[in-house]
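The structure appears right after this line, and notes come after that.
Numbering (this note's numbering), first residue to last: 34 to 130.
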């Protein structure tokens, strides 16, 4: 089972694929869930690695997620999803202190 905190984030990321439908409609529910899990891993790793530098956290998230999402959703959708992921991360990081 997923840790409740992880689960909350994964659900939020999962929701982004539904919110920004367009191309993302081509993804099955399983694929969206897999992406949500991968996004969560990237975010968690980036926050851990660059915890003192929020700007670096965001750069790292962009660097890692763009190639991951681009193939599945196309550039435009990938960018909006990543922007939202970063917003969620900002709220999350602020919440940790």
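Built from N, CA and C at the ideal position, the CB exists for glycine as well.
In this text the structure is predicted, and so the values were computed from the model without any measurement.
Under the three-state DSSP convention, the category residue i falls into
{"i": "residue 156", "result": "Given that the chain is displayed from residue 34 to residue 130, the structure contains no residue 156 and the question cannot be resolved."}
{"i": "residue 61", "result": "coil"}
Buried versus exposed, by CB contacts within 10 Å (16 or more), residue i
{"i": "residue 69", "result": "buried"}
{"i": "residue 63", "result": "exposed"}
{"i": "residue 89", "result": "exposed"}
{"i": "residue 109", "result": "exposed"}
Whole-number beta carbon distance between residue j and residue i, since they are thought to touch under 8 Å
{"i": "residue 81", "j": "residue 99", "result": "Not a contact, Cβ separation roughly 20 Å."}
{"i": "residue 119", "j": "residue 85", "result": "The pair is not a contact, with the Cβ atoms about 17 Å apart (cut-off 8 Å)."}
At least 3 beta-carbon pairs within less than 8 Å: the stretch 36-48 vs the stretch 61-79: yes
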